[in-house]
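Engineer:
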Amino acid sequence: MLIDSAPLLRAAVPEDVHAVVALKREVLHADLDRLGIWDEDRSRERVEHYFAPERTRMIVLEDRVVGTVSVRPAPDGTWLEMFYLRADVQGGGIGTRVLQALLAETPGIWRLQVLCGSPARSLYERHGFVAVEDDGIDVWMVRTG
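Residue numbers (the numbering used here): 646 to 790.
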């Protein structure tokens with residue numbers, strides 16, 4: 646299903662951490678369970694620890710938060726992190742639109758990690774990311790521009 650409405654990227658606020666925890670659970674629980682490493686408490690603690698409103702945006706569609714994405718500058722490139730989209734909007738072009746907007750904002754080297762077997766990997770590959778490491782759980786990907 647192609648989604649016609651353009652998603653809005655709004656700055657996150659500290660209270661959005663709860664939405665990010667819920668999004669991570671919705672998006673990654675099945676894959677992490679498949680890999681035998683889902684832990685509800687650890688997942689929540691990791692989001693709470695790494696969530697930074699100043700580099701996080703909430704993805705809003707028709708006044709509803711449908712996702713989140715964080716962009717972290719680092720010496721080795723810009724890291725795309727916590728890019729979660731609700732299952733009911735996946736495959737509709739929102740991920741493509743968000744990723745294109747972020748890549749256009751910040752040229753240069755981009756890095757990310759994605760779970761092995763995740764369908765999101767094909768989105769990243771379509772946008773020039775290539776796998777550089779795979780440990781059987783995560784695949785690290787790089788886009789050089």
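Glycine is no exception: its CB is placed at the ideal position from the N, C-alpha and C atoms.
What residues in its chain sit with their C-beta under 6 Å from that of residue 756, if we drop five residues either side in the sequence?
Structural biologist: 722, 724, 787
Engineer: Buried or exposed: which applies to residue 682, given that a residue is buried once 16 or more other Cβ atoms fall within 10 Å of its Cβ?
Structural biologist: exposed
Engineer: Assuming residue 784 and residue 766 form a contact by the criterion Cβ under 8 Å, report the distance between their Cβ atoms to the nearest whole angstrom.
Structural biologist: 6 Å
Engineer: Excluding five sequence neighbours on each side, which residues of the same chain lie with their C-beta closer than 8 Å to the C-beta of residue 693?
Structural biologist: The answer, listed in chain order, is 662, 666.
Engineer: Tell me the rounded alpha-carbon separation between residue 750 and residue 744.
Structural biologist: 10 Å
Engineer: Determine the extent of the alpha helix (DSSP H) in which residue 670 is found, giving its start and end residues.
Structural biologist: 662 to 679
Engineer: State the start and end residues of the unbroken alpha helix (DSSP H) segment that holds residue 767.
Structural biologist: Boundaries of the alpha helix (DSSP H) harbouring residue 767: 765 to 771, taken from the DSSP string.
Engineer: Just verifying my parser: in three-state terms, what is the DSSP assignment at residue 704?
Structural biologist: strand
Engineer: Enumerate in chain order the residues of its own chain whose CB-to-CB distance from residue 696 is below 7 Å, with the five nearest sequence positions on each side excluded.
Structural biologist: 662, 665
Engineer: Which residues in the same chain as residue 775 place their Cβ atom closer than 8 Å to its Cβ, once the five residues preceding and following it in sequence are excluded?
Structural biologist: 786, 787, 788
Engineer: Three-state secondary structure (DSSP) at residue 698?
Structural biologist: helix
Engineer: Around the Cβ of residue 655, are there at least 16 other Cβ atoms within 10 angstroms (buried) or fewer (exposed)?
Structural biologist: exposed
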